[in-house]
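Data first, discussion second: the structure below is written as structure tokens.
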Amino acid sequence: MAYRTPLEARGWEYGIEHTGIGGVMDDLLEADETPCSLCARLRRGVLYRVADEVGATKIALGHHSDDFIETLLLNLFFAGSLKAMPARLVPDEAAQVVIRPLVFVNEAETRSYAESRDLPLVGCCCPVCGDLGLQRQRIKRLLAELDREHPGVKQSMLRALGNVVPRHLLDTRLDPGAELRPRALAEAVAP
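Under the numbering used here, the first residue of the sequence shown carries the number 963, and numbering increases by one thereafter.
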């Protein structure tokens, strides 16, 4: 495989885990579910298993800032939730901490760095990855258009993930007094 040479030339130890995920997707996929979310969960399970086998305490994922922003919009538009992904996650059920060290690096910078260092760019082998009809691809195009029209909008969205004002949201779990305010306001303006 083309990526072995640069890794071996640097003396880096690596492993390739072959799975049967592709063969079980159709059996496990719900009718209204995109294959991406199921595949991601299955691959994450493999990562945890391999991390256990090699004694790793951390799993570093390659999500970059564009992934965070896309996930934010996907959840906002299609799942009705205001969330992206954590840069650091300590799962309840696993011994490893998941980190995403590229959170402040965009996709183009990541690609440029890899190319400048002759590092392999390993693409997704999924047959639907890159399908322009998938919601993530649509969000990518939307963000590219917004960033062309309003340079810096993606950086602003990334900053927003670290600049949350919970009291200005409708989730009463974040602001327990929020459920009392509408009643108090109604009583204040009642004749």
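Note that beta-carbon positions come from the ideal geometry of N, C-alpha and C, so glycine has one too.
Remember, it's a predicted structure, so these values are computed and weren't measured experimentally.
So, under 8 Å CB-CB, residue i and residue j are touching, yes? Tell me the CB distance rounded to an integer number of Å.
{"i": "Ile1021", "j": "Val1060", "result": "5 Å"}
{"i": "Leu1044", "j": "Leu1038", "result": "6 Å"}
{"i": "Leu1064", "j": "Gly1114", "result": "That belief does not hold up - the Cβ atoms of Leu1064 and Gly1114 are roughly 19 Å apart, past 8 Å."}
{"i": "Gln1058", "j": "Thr1019", "result": "6 Å"}
{"i": "His1026", "j": "Val1067", "result": "5 Å"}
{"i": "Arg1062", "j": "Ala1049", "result": "5 Å"}
{"i": "Pro997", "j": "Pro1082", "result": "Contact flag wrong, Cβ pair sits at about 25 Å."}
{"i": "Lys1116", "j": "Asp1109", "result": "5 Å"}
{"i": "Ala1046", "j": "Leu1123", "result": "5 Å"}
{"i": "Glu979", "j": "Val1016", "result": "About 11 Å separates the two Cβ atoms, so there is no contact after all."}
{"i": "Arg1005", "j": "Ile983", "result": "7 Å"}
In or out: residue i buried (at least 16 other Cβ within 10 Å) or exposed?
{"i": "Asn951", "result": "The shown model of the chain, from 963 to 1153, leaves out residue 951, and the question about it has no answer."}
{"i": "Asp1028", "result": "buried"}
{"i": "His1130", "result": "exposed"}
{"i": "Leu1120", "result": "buried"}
{"i": "Ala1002", "result": "exposed"}
Can you give me the start and stop residues for the beta strand (DSSP E) that residue i sits inside?
{"i": "Ala1022", "result": "Lys1020 to Ala1022"}
{"i": "Val986", "result": "Segment Ile983 to Leu990 is the alpha helix (DSSP H) holding Val986; no beta strand (DSSP E) there."}
{"i": "Ile1061", "result": "Val1059 to Ile1061"}
At what residues does the alpha helix (DSSP H) containing residue i begin and finish?
{"i": "Ala1002", "result": "Pro997 to Val1016"}
{"i": "Ala1106", "result": "Gln1097 to Glu1111"}
{"i": "Val1065", "result": "Segment: none, Val1065 is in no alpha helix (DSSP H) and carries neither H nor E."}
{"i": "Val1115", "result": "Val1115 to Leu1123"}
{"i": "Ile1031", "result": "Ser1027 to Leu1036"}
Given residue i, which residues of its chain have a CB within under 8 Å of its CB, disregarding the five upstream and five downstream residues?
{"i": "Leu1036", "result": "Gln1097, Arg1098 and Ile1101"}
Report all residues from its chain with a CB closer than 7 Å to the CB of residue i; omit the five preceding and five following residues, and keep chain order.
{"i": "Thr1072", "result": "His1026 and Leu1064"}
Can we count residue i as close to the ligand SAM, meaning its CB is less than 7 Å from some heavy atom?
{"i": "Val1012", "result": "In the structure on display, the ligand SAM does not appear, and there are no ligands present to speak of."}
| query | For the stretch 967-974 against the stretch 988-1001, are there 3 or more C-beta pairs whose distance is under 8 Å? | reply | With a cut-off of 8 Å, the stretch 988-1001 and the stretch 967-974 do not count as touching, because too few Cβ pairs lie within range.
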